[in-house]
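Under the numbering used here, read the sequence shown as residues 146 to 329, first letter to last. In this text, a Cβ means the ideal position worked out from N, Cα and C, and glycines have one as well. From a predicted model like this one, the values you see are computed outputs, not experimental measurements. See below for the structure under consideration.
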Amino acid sequence: MRKRVITLIDEMFECESTSTLKANDLSKKINILEALHFVNEAWNNISDVTIRNCFRHGGFVKTEEEEEEEDDHSKDLADKTYEDWMDIDRDLQTSEEYSEDQISQSIINDKDNDEENDESDEEEVDVVVKPPSNNEVLEALDVIRRAVHHRGNNFNIQYEYEQYIFEILEENKKQTKITNFFQK
Numbered sequence: 146m147r148k149r150v151i152t153l154i155d156e157m158f159e160c161e162s163t164s165t166l167k168a169n170d171l172s173k174k175i176n177i178l179e180a181l182h183f184v185n186e187a188w189n190n191i192s193d194v195t196i197r198n199c200f201r202h203g204g205f206v207k208t209e210e211e212e213e214e215e216d217d218h219s220k221d222l223a224d225k226t227y228e229d230w231m232d233i234d235r236d237l238q239t240s241e242e243y244s245e246d247q248i249s250q251s252i253i254n255d256k257d258n259d260e261e262n263d264e265s266d267e268e269e270v271d272v273v274v275k276p277p278s279n280n281e282v283l284e285a286l287d288v289i290r291r292a293v294h295h296r297g298n299n300f301n302i303q304y305e306y307e308q309y310i311f312e313i314l315e316e317n318k319k320q321t322k323i324t325n326f327f328q329k
């Protein structure tokens, strides 16, 4: 990031006729988008070694004593056998026990409910949902694109989704005939 800022300062010196450069002038030349690009480039130039050293310096890395305590716990776990682990929940109750009367009553209630559902199914009218037109699909896609632009940060997924929708729309296109425009 320093390189980019220094390069920008050098460019400003070359463009300016005077050799005086003020920090205020520099801040006016860099907009937010350029600053974000600077930060992105700086982040991409950081190595994993630098990040590890920062975590170590910040105290996020375990010390040898903490690692030894963790090893003691794993030794206790190693003493358990596979069968012990498989049988650990054998005695736990996983379902409710029903009497024969409760089971028979449940079956009778289910039959009554099925008959009521069959009657209500006959009364229902099938509603046909009209598929959206191509223009409606494109308008909806535009709304989604604006939402991702304002709220999201992964545009690659949006681009893939748009490509998928465009392919679907392309497949469903039909060549119109001249006879469609004239009535007989």
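Alpha carbon to alpha carbon, how far is N299 from F200? 27 angstroms
Cβ shell of I310 (< 8 angstroms), same chain only, five flanking positions each side left out: V282, L286
N-terminal and C-terminal residue of the alpha helix (DSSP H) that K173 is part of: 168-174
I believe Q303 touches V293 by the beta-carbon criterion, under 8 angstroms. Please report the beta-carbon distance rounded to the nearest angstrom. 5 angstroms
From the DSSP output, in three-state form, read off S240 for me. Here S240 sits in coil by DSSP.
DSSP three-state label for T226, please. When DSSP states are grouped into helix, strand and coil, T226 belongs to the coil group.
Assigned secondary structure, S251 (DSSP; H/G/I helix, E/B strand, else coil): helix
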